[in-house]
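Notes for the one structure printed next.
Number of protein chains: 2
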Amino acid sequence: MIELTPHLDATKRIPLYEQLYEYMKREMLQGHIRKGTRLPSIRALSRHLSISRNTVEAAYAQLVAEGYIESMPRQGFVVQEFTEECGANGSLQKTYEHSPPTDAIKPIYDFRYGNIDITHFPHKVWRACMNEAMDAPLDELLWYGERQGDRKLRQEIVRYLFQARGIHCSCEQVVIGAGIHQMTGLLCQLFSSETDLIAMENPSYDGIRAVFTNHRYRIVPISLEKDGLNITELEQREANIVYVTPSHQLPLGMVLPIGKRQRLLKWAEKIDGFIIEDDYDSEFRYEGKPIPALKALDTQERVIYIGTFSKVLTPAIRVCYMVLPVRLLETFRKKFSCYNQPVATIVQKALALFMERGHLERHIRKMRNVYAKKRQALIAAIDENFGPNAIIIGEKAGLHLLVRFPHVTDVSGFVERAKHEGISIYSAAKYWFDPTTSPLPYILLGFGGMSEHEIKEGVRLLRGLFDAETLF
Amino acid sequence: MIELTPHLDATKRIPLYEQLYEYMKREMLQGHIRKGTRLPSIRALSRHLSISRNTVEAAYAQLVAEGYIESMPRQGFVVQEFTEECGANGSLQKTYEHSPPTDAIKPIYDFRYGNIDITHFPHKVWRACMNEAMDAPLDELLWYGERQGDRKLRQEIVRYLFQARGIHCSCEQVVIGAGIHQMTGLLCQLFSSETDLIAMENPSYDGIRAVFTNHRYRIVPISLEKDGLNITELEQREANIVYVTPSHQLPLGMVLPIGKRQRLLKWAEKIDGFIIEDDYDSEFRYEGKPIPALKALDTQERVIYIGTFSKVLTPAIRVCYMVLPVRLLETFRKKFSCYNQPVATIVQKALALFMERGHLERHIRKMRNVYAKKRQALIAAIDENFGPNAIIIGEKAGLHLLVRFPHVTDVSGFVERAKHEGISIYSAAKYWFDPTTSPLPYILLGFGGMSEHEIKEGVRLLRGLFDAETLF
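Residue numbers (the numbering used here), protein chains in the order written: chain A, 1 to 472; chain B, 473 to 944.
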């Protein structure tokens, strides 16, 4: 029988049993107590150390639970097999040299795509909705909630989609998601047993392309014509799912005309395929009223519609949604019967209240004017500073436009030089499936997050870069 | 030149241009205005209808934007090609017969796994944290936030993991997620270009198995021994990633002993593989202190640790987290450089405050006692009602246990009969890779969400079922 001589201190805050357990574990890990050793009985050790039997019992129980020792018939507690000194103190260097995440750097003038104006966010109203939502009965508030999302929120989305986007659907078809990447990930999983091909506009949103690629899909890039997706090309390719941005092509900005929309729907029907419509910023259209969604024409249930609150309200709540075709509902529910809804209940309830009371529609109306002015300021600034030396495209809608400076051929060098002046501008090349084939050196300017003054200053400083290099 | 005779009503709330646009769209869709038709000029139509030129211009602009008409040189506005009457009125029946989602049904006594006690949730404190979080500067509060999650929350998690789980890590390794299914989905994507094989304990959590399958992984089921995962079997199989629940095997409840933990770590090192440790309910251990995490022994950076707030606080906030091995950080950041953090900023900030002030630790201490009593009540009730006719396993930790009634062979029939009495109990068969090979007819009883009274009543009613059938 081995002798145990732990230093136990009853005045310490750590319970005695834990001190004993820690001592024995250390002794075993360091090889002082070996495999096969029979430990003293509980009674013997408690007498030996003058501590209560409960203390020894608790320490032994913990060692048993963790597999260090085992209670064997007629032998008492016996030390089990394990490797000594494995990880007793973490010797591996854990330093990880990291630069701060790129999304944390704040340039002075940031024309980043995706930024929005938060100065007009109705914080007081939102906060009131959050607090009212927290008044809900606890058994509604503290539970997982329905898998597809809060029912009231889904009903509000149905109402909104009908009024703003011409879409008829039922709340059974609506699924709430925690951002476009998570949501598109669900779609990738939904089709994973059917196909690994997905057609996409080329150029298109690189973030979604990454989602498909990360899910082992092969991308089938479809070229764009002046009026959007080349449907003939799509018809010739093998894919039977296509991801499109018909209301406002990302990044080029064109609208898919009605004729092509109808052909696209026909295509899906004919090959038993599906169309994923990403309607990311259709609320902000500055000429006429918003273009109805492709989904509004979808009588054959072929369109999966995706919308988001990131542009119209704030990305910080991380809420987006999709409308599934009725024919996909059963598969969806079967595949994801174990998945819980990813958005916090409280956020969903607050958003439902916010919409129910008309705050969202009011906010969108307000922001449409705000963004219209910013867009106007940007176009005017480009015109004033560059005149015919800048060509603008895709400026009719959304929160960004593309600009091409015919004198600039090295876009990445230009972007770098701008950065040194505190101006962040972005090459549009990454939107192309193969960035080296980007036909023209476009620069993407997002204006949502900038004030009119910043827009003017930013463009003026850009102009300064040209002077220095005497580009024109 | 065609003649247009819309009925325009200036007293309506709909703007005149929209009425004109709707009229023309309808006429075109119904085939009354055909492809190639030249529309009247803006000037001519405004004179003809006695409306302003701006009105006509706005209507035409919208039709151009949607692709119905186009402005052609020397011809004016010309109607484009599209199919008539496609989807003009949604005639397809959209009814979708649905039963209410199963997660909405509330039985009287529900022994569902995953339910927790919400009556002790510190709602007032949580609400105060939420409100304080909403006081943060708007540019922190309304933005996407850092991709891996709020930095302060990650720091709190690092601190918590060190104190409660013996894990040393830096906040650069922590990733916040919106629930285990979304989070595991990221891991599926992380490894998608490396392998499509994943080893799992058999039995194991079916929800995670679904995630892997939905991501096109092939499951390699590894059998369990009395003390958990059969490491020898794992070593003989091809997979180099394994998903395990070492602190509290789901559903059987055993703890992986130190010897096996060390062998598992060695296995990963030797084959350049990874171990996904799901530590879903380790905080609730009723004998001794919690078992340290496998990750605490991971000196070679082979363990991906997953934790959640769903059991210790509430599932409604939808927050979980993982600790990535340092060696995976670069790949992770590259693969997901476009993905935004899926949890709402406000929720993350509130949770960080809640933890910083010690509320989480206090709550866990309290709940450990609450659950210990419920567990005791359940064990006592089973003992009292069934005696030797019920065999309990896995009762030392967590919020569930398994019970086997040797007299019951048809578990699903028994579950059905119980349902008729208002008692929801669950067969454990679904946890097996192939449910038909479930070796013994276990029934899973979750006790987290039930009061002690409900537990007693539920078990007493179960006993009633036996009497009626004279099973013993």
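Even glycine gets a Cβ: it sits at the ideal position worked out from N, Cα and C.
C-beta neighbour in chain A for residue i, strict 8 Å
{"i": "residue 904 of chain B", "result": "no"}
{"i": "residue 800 of chain B", "result": "no"}
{"i": "residue 604 of chain B", "result": "no"}
{"i": "residue 611 of chain B", "result": "yes"}
{"i": "residue 555 of chain B", "result": "yes"}
{"i": "residue 838 of chain B", "result": "no"}
{"i": "residue 593 of chain B", "result": "yes"}
{"i": "residue 900 of chain B", "result": "no"}
{"i": "residue 835 of chain B", "result": "no"}
{"i": "residue 699 of chain B", "result": "yes"}
{"i": "residue 664 of chain B", "result": "yes"}
{"i": "residue 633 of chain B", "result": "no"}
{"i": "residue 734 of chain B", "result": "yes"}
{"i": "residue 490 of chain B", "result": "yes"}
{"i": "residue 675 of chain B", "result": "no"}
{"i": "residue 867 of chain B", "result": "no"}
{"i": "residue 722 of chain B", "result": "no"}
{"i": "residue 812 of chain B", "result": "yes"}
Residues near residue i in its chain [Cβ-Cβ closer than 8 Å; skip 5 each side]
{"i": "residue 202 of chain A", "result": "221, 222, 223, 224, 432 and 433"}
{"i": "residue 772 of chain B", "result": "737, 740 and 741"}
{"i": "residue 565 of chain B", "result": "Here the model assigns residue 565 of chain B a pLDDT of 34, short of 50, so the residue's position is not dependable, and the following value carries that caveat. Correct list: empty, nothing qualifies."}
{"i": "residue 717 of chain B", "result": "673, 676, 677, 749, 750, 751 and 752"}
{"i": "residue 304 of chain A", "result": "187, 274, 275, 276, 277, 322, 323, 324, 325 and 328"}
Contacting residues, own chain, Cβ-Cβ under 6 Å from residue i (five flanking each side not counted)
{"i": "residue 312 of chain A", "result": "283 and 364"}
{"i": "residue 914 of chain B", "result": "874, 876 and 900"}
{"i": "residue 252 of chain A", "result": "394"}
{"i": "residue 689 of chain B", "result": "668 and 670"}
Cβ-based neighbour list, residue i, same chain, cut-off 7 Å, excluding 5 preceding and 5 following
{"i": "residue 851 of chain B", "result": "864 and 867"}
{"i": "residue 97 of chain A", "result": "Since pLDDT at residue 97 of chain A reaches only 37, below the 50 mark, its modelled position is unreliable, and the value read off the structure follows with that caveat. So the list is empty, once near-sequence residues are dropped."}
{"i": "residue 547 of chain B", "result": "510"}
{"i": "residue 803 of chain B", "result": "662"}
{"i": "residue 628 of chain B", "result": "824, 827 and 828"}
{"i": "residue 263 of chain A", "result": "231"}
{"i": "residue 927 of chain B", "result": "846, 849, 850, 853 and 919"}
{"i": "residue 308 of chain A", "result": "180, 280 and 320"}
{"i": "residue 482 of chain A", "result": "Nothing can be reported for residue 482 of chain A, as the shown portion of chain A is limited to 1 through 472."}
Any chain B beta carbon closer than 8 Å to residue i
{"i": "residue 109 of chain A", "result": "no"}
{"i": "residue 315 of chain A", "result": "yes"}
{"i": "residue 267 of chain A", "result": "no"}
{"i": "residue 36 of chain A", "result": "no"}
{"i": "residue 372 of chain A", "result": "no"}
{"i": "residue 463 of chain A", "result": "no"}
{"i": "residue 291 of chain A", "result": "yes"}
{"i": "residue 335 of chain A", "result": "yes"}
{"i": "residue 185 of chain A", "result": "yes"}
{"i": "residue 80 of chain A", "result": "yes"}
Beta-carbon separation (whole angstroms), residue i vs residue j, contact threshold 8 Å
{"i": "residue 714 of chain B", "j": "residue 67 of chain A", "result": "That pair is no contact at about 18 Å."}
{"i": "residue 731 of chain B", "j": "residue 82 of chain A", "result": "4 Å"}
{"i": "residue 178 of chain A", "j": "residue 530 of chain B", "result": "No, residue 178 of chain A and residue 530 of chain B are not in contact; Cβ-Cβ is about 38 Å, not under 8 Å."}
{"i": "residue 897 of chain B", "j": "residue 583 of chain B", "result": "5 Å"}
{"i": "residue 812 of chain B", "j": "residue 181 of chain A", "result": "6 Å"}
{"i": "residue 79 of chain A", "j": "residue 42 of chain A", "result": "In fact, because the Cβ distance is near 15 Å, the residues do not count as touching under 8 Å."}
{"i": "residue 857 of chain B", "j": "residue 932 of chain B", "result": "6 Å"}
{"i": "residue 19 of chain A", "j": "residue 40 of chain A", "result": "Incorrect: roughly 17 Å between the Cβ atoms, too far for contact."}
Residue i: CB within 7 Å of a non-hydrogen atom of the ligand MN
{"i": "residue 205 of chain A", "result": "Only the bare structure without any ligand can be found here, which leaves the ligand MN out of the picture."}
The stretch 607-614 of chain B touching the stretch 753-765 of chain B, judged by at least three CB pairs closer than 8 Å: Fewer than three pairs of CB atoms, one per stretch, sit closer than 8 Å, so the stretch 607-614 of chain B makes no contact with the stretch 753-765 of chain B.
Can we say the stretch 282-297 of chain A touches the stretch 584-603 of chain B, given the rule of at least three CB pairs closer than 8 Å? Because the criterion of three Cβ pairs below 8 Å is not met, the stretch 282-297 of chain A and the stretch 584-603 of chain B do not touch.
Contact between the stretch 353-362 of chain A and the stretch 701-710 of chain B is defined here as three or more beta-carbon pairs at a separation below 8 Å; is this criterion met? These segments do not touch.
Could you give the uninterrupted runs of the alpha helix (DSSP H) lying entirely in the stretch 114-172 of chain A, keeping only those of 4 residues or more? If we require 4 residues or more, the alpha helix (DSSP H) runs fully inside the stretch 114-172 of chain A come out as 123-133, 138-141 and 151-165.
Fully enclosed by the stretch 321-368 of chain A, which alpha helix (DSSP H) runs are 4 residues long or longer? The DSSP assignment places 329-335 and 345-356 as complete runs of the alpha helix (DSSP H) inside the stretch 321-368 of chain A, in order along the chain (cut-off: 4 residues).
Indicate whether the contact test is met: 3 or more Cβ pairs, each with one atom in the stretch 337-353 of chain A and one in the stretch 151-166 of chain A, closer than 8 Å. Counting Cβ pairs under 8 Å, three or more are found: they touch.
Does the contact criterion of 3 or more C-beta pairs under 8 Å hold for the stretch 205-216 of chain A versus the stretch 511-528 of chain B? Touching, no, given that fewer than three Cβ pairs across the two stretches are closer than 8 Å.
At 3 residues or longer, and completely inside the stretch 19-96 of chain A: list those beta strand (DSSP E) runs for me, N to C. Correct list: 69-72 and 76-79.
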